[in-house]
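Residue numbers (our numbering): 16 to 170. In this text, a Cβ means the ideal position worked out from N, Cα and C, and glycines have one as well. All remarks here apply to the structure that follows.
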């Protein structure tokens, strides 16, 4: 079960890198910024099952670590205007940071799997990932709105 919980994030990270690199070829929209966290939020249904439930302290710890790790994503996400459209700037650092964050997460998961039940650990790492995506997407949205207003691109 532990190995499965390590392999799936690796596959997901590769998919995210590929999607992110292709996303630079298409204009960004508010919808494209907002929808991923909404889709990810459905993962909270895992907490219906006692196997995944975590304490308030574990939730806070995981969420705060996620917020701190989101800083790397925020720093590497920039927009540029091309005509009347807004695009993500290509960043050579983004895939490196994403892989580095994945390695940190795998290391933490291996370390904590010795003392924390695998179900609780799964719940904590979902909260960590959610804690990363929320601030990142909020900052993306605010940057997008700023550029949109600056160039009067809203429709």
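{"Item": "Take residue 43 and list the residues in its own chain whose beta-carbon comes closer than 7 Å to its own, dropping the five residues that flank it on each side.", "Value": "94, 101, 102, 103, 159"}
{"Item": "Verify whether the separation of the beta carbon atoms of residue 156 and residue 26 is less than 8 Å.", "Value": "no"}
{"Item": "Taking the straight line between their C-alpha atoms, what separation do you get for residue 116 and residue 84?", "Value": "7 Å"}
{"Item": "Could you pull out every residue in the same chain whose Cβ sits closer than 6 Å to the Cβ of residue 166, ignoring the five residues on either side in sequence?", "Value": "96"}
{"Item": "Would you list the one or two residues that DSSP bridges to residue 95?", "Value": "102"}
{"Item": "If you check the beta carbons only, do residue 69 and residue 135 fall under 8 Å apart?", "Value": "yes"}
{"Item": "Identify the continuous alpha helix (DSSP H) that holds residue 13 and give its terminal residues.", "Value": "The structure shown does not extend to residue 13, since the chain is modelled only from 16 to 170, so the question has no answer here."}
{"Item": "What residue range does the alpha helix (DSSP H) around residue 77 cover?", "Value": "71-90"}
{"Item": "Short of 6 Å in beta carbon distance, which residues of its chain neighbour residue 77, apart from the five on each side in sequence? Order them along the chain.", "Value": "139, 142, 143"}
{"Item": "Using three-state DSSP, classify residue 150 as helix, strand or coil.", "Value": "helix"}
{"Item": "Mind checking residue 122: buried by the 16 CB within 10 Å criterion, or exposed?", "Value": "exposed"}
{"Item": "For residue 58, collect the residues of the same chain with a Cβ closer than 8 Å to its Cβ; drop the 5 residues on either side in sequence, then sort them by chain order.", "Value": "141, 145"}
{"Item": "By the DSSP assignment, the alpha helix (DSSP H) with residue 46 in it spans what residues?", "Value": "45-56"}
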